Amino acid sequence: MDAIRLDIPFTVPLLGEAFVEAGTPLLTAALGFSWRVTVKKSESPKLSIPISSPYLKKILSKFLASQGLDGYYSVSGPHEGGSDQDFVNAAALLYLTECGAIEESLPQLLKRAGSWDFVTAARALTSLSGGVVASRQGEGFLSIDSTTSGPICLRILPGRRIDETPVSKFSKEFPALSDSMWHLVAHLVLEGIGAIQRGDLAALGRAFSLEASLLYATGQIALSDLQRISGIPSLGSKVIVSPALVADLAIPSEGVLPDDFQMVRFSYEGVNEIEG
């Protein structure tokens, strides 16, 4: 295989990423900027792929081998060594399969994935398709029918140590509240899906702000985080919470945004091969 260059959309969790462990839905979206990478293959008796997560490496290797891929693969680009490396590399490798069965096959393989591995896989699949994707561990992935373009604004923050079991900790500390809390989160994500379908950015912003309050209530963000995003002139804001991506996300209003925010739009273009 000759080296190929790919344009891979940057994707973010919109709602639900911090609660996947509880079985709640997840909403992810492709945004209007991308990583440009080069994929190369070398001969090797065993399939080798550049994925750092042991579980994702195992299940992606199994899927890629089932589609006839072999050899040693490398994915080079400005993302290398960064926190987005696994999602970008996974999207690039899945693109090589040209397989229409990805969304049918991967959910079964991801049934036992940790919550953060599932979020990474969801971001990769959203890059492949573009647009907005709803998913739930053990059930599958569904592209949301929408032409909503945004805008949306993003401020990427320094990475932080994330507790791998925030949901379990809350369930143990507040057993009488936990089921109702996760039920509320699930409905909040569904409200976000409906807002995207209707093109109602104000409603999506309210869902962001409600989730931010729940993130604080479950100990996943600090009071200082909640105060910071509350000061953003917006229709609603939240903190994206994951080991790979920590960021402030907001639906802008008429106010002037801080200089460190990027204004972007939703993108409905998936992974594309760069000619020449």
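Going by numbering that gives the first Met the number 0, the final residue of the sequence shown carries number 275, and the count climbs one at a time with no gaps. Even glycine gets a Cβ: it sits at the ideal position worked out from N, Cα and C. Small disclaimer: the values here were computed from a predicted structure and weren't measured.
Around Cys-98, the same chain offers Gln-66 as residues with beta carbons nearer than 6 Å, after the five sequence neighbours per side are excluded. Within the segment 54-120, the complete alpha helix (DSSP H) segments at least 4 residues long are 84-96 and 101-108, listed from N- to C-terminus. Its Cα nearest to that of Ser-75, the residue Ala-91 stands out among Arg-227, Gly-31, Leu-63 and Ala-91. In this structure, DSSP gives Gln-136 a state outside helix and strand, which the three-state scheme calls coil. In the three-state DSSP reduction, Gly-204 falls in the helix class (H, G or I). DSSP, reduced to helix, strand and coil, places Glu-20 within a helical segment of the structure shown. Here Ile-231 is buried: its Cβ has 16 or more other Cβ atoms, across all protein chains shown, within 10 Å. Counting only runs of at least 3 residues, the segment 233-263 fully encloses the following beta strand (DSSP E) elements, listed from N- to C-terminal order: 233-239, 246-251 and 261-263. Taking the CA atoms as reference points, Glu-138 sits about 30 Å from Cys-152. Bounds of the alpha helix (DSSP H) holding Ser-177 are 174-197. Within 10 angstroms of the beta-carbon of Ser-167 lie fewer than 16 other beta-carbons, which makes it exposed.
Beta-bridge partners of Ala-29 (DSSP): Thr-10.
Beyond the five residues adjoining it in sequence on each side, Ser-41 comes within less than 7 Å, by CB distance, of Gly-70 and Tyr-71 in the same chain, given in chain order.
Each residue's CA atom was taken as its position, placing Ile-50 and Leu-26 some 23 Å apart.
The alpha-carbon separation between Ile-48 and Gln-226 amounts to approximately 42 Å.
In the structure shown, Ser-47 adopts extended strand secondary structure according to DSSP, grouped into three states. Its chain contains Leu-25, Ser-114, Phe-117, Val-118 and Gln-136 as the residues whose beta carbon lies nearer than 7 Å to that of Val-19, once the 5 sequence neighbours on both sides are disregarded; these appear in chain order. Counting C-beta pairs closer than 8 Å gives three or more between the segment 27-34 and the segment 5-13, which meets the contact rule.
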